[in-house]
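Asks:
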Amino acid sequence: QVHVVESGGGLVQPGGSLRLSCAASGTSSSINIMGWYRQAPGKERGVVAIISNLGSTSYVDSVKGRFTISRDNAKNTVYLQMNSLRPEDTAVYYCYVMARGYSYWGQGTQVTVSS
Numbered sequence: 709q710v711h712v713v714e715s716g717g718g719l720v721q722p723g724g725s726l727r728l729s730c731a732a733s734g735t736s737s738s739i740n741i742m743g744w745y746r747q748a749p750g751k752e753r754g755v756v757a758i759i760s761n762l763g764s765t766s767y768v769d770s771v772k773g774r775f776t777i778s779r780d781n782a783k784n785t786v787y788l789q790m791n792s793l794r795p796e797d798t799a800v801y802y803c804y805v806m807a808r809g810y811s812y813w814g815q816g817t818q819v820t821v822s823s
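Residue numbers for the sequence shown follow our numbering, beginning at 709 and rising by one.
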């Protein structure tokens with residue numbers, strides 16, 4: 709079992725930055741994929757960025773060049789640095805962890821981009 713906890717959401721003006729963090733605990737030695745998904749009101753949850761335990765990354769096109777995902781394997785923590793935020797980035801952001809073929813989700817953290 710893996711327990712996932714996110715932090716770092718909030719309200720930011722367009723063009724601003726936020727950093728999300730997610731810590732995973734439990735059978736952490738078996739974690740391979742970590743990442744971030746988001747869900748805006750009335751929309752389905754979709755991937756934002758993922759990172760493997762070897763550091764390979766993948767981003768949805770809409771955030772390329774603005775968001776950076778990183779990972780500290782020693783701390784079983786994944787980060788999402790979000791720069792140049794836009795109103796359309798407003799959503800609940802969920803941390804995702806895959807361990808031994810099972811998927812685990814955090815409770816979500818709200819990110820609101822508004823002036």
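In this text, a Cβ means the ideal position worked out from N, Cα and C, and glycines have one as well. None of the values given here were measured: they were computed from a predicted structure.
Under three-state DSSP, which class holds E796?
Replies: If DSSP states are grouped into helix, strand and coil, E796 belongs with the helices.
Asks: Which residue wins for smallest C-alpha separation from A807, given the options L788, N740 and V713?
Replies: The option with the nearest alpha carbon to A807 is N740.
Asks: Three Cβ pairs or more, each shorter than 8 angstroms: is that satisfied between the segment 710-718 and the segment 756-765?
Replies: Contact fails: fewer than three Cβ-Cβ distances are below 8 angstroms.
Asks: Would you kindly report the start and end of the unbroken beta strand (DSSP E) that includes L762?
Replies: From DSSP, L762 is part of no beta strand (DSSP E); its letter is neither H nor E.
Asks: Using a threshold of 8 angstroms, state whether the C-beta atoms of A748 and T798 are closer than that.
Replies: Taking 8 angstroms as the Cβ cut-off, A748 and T798 qualify as a contacting pair.
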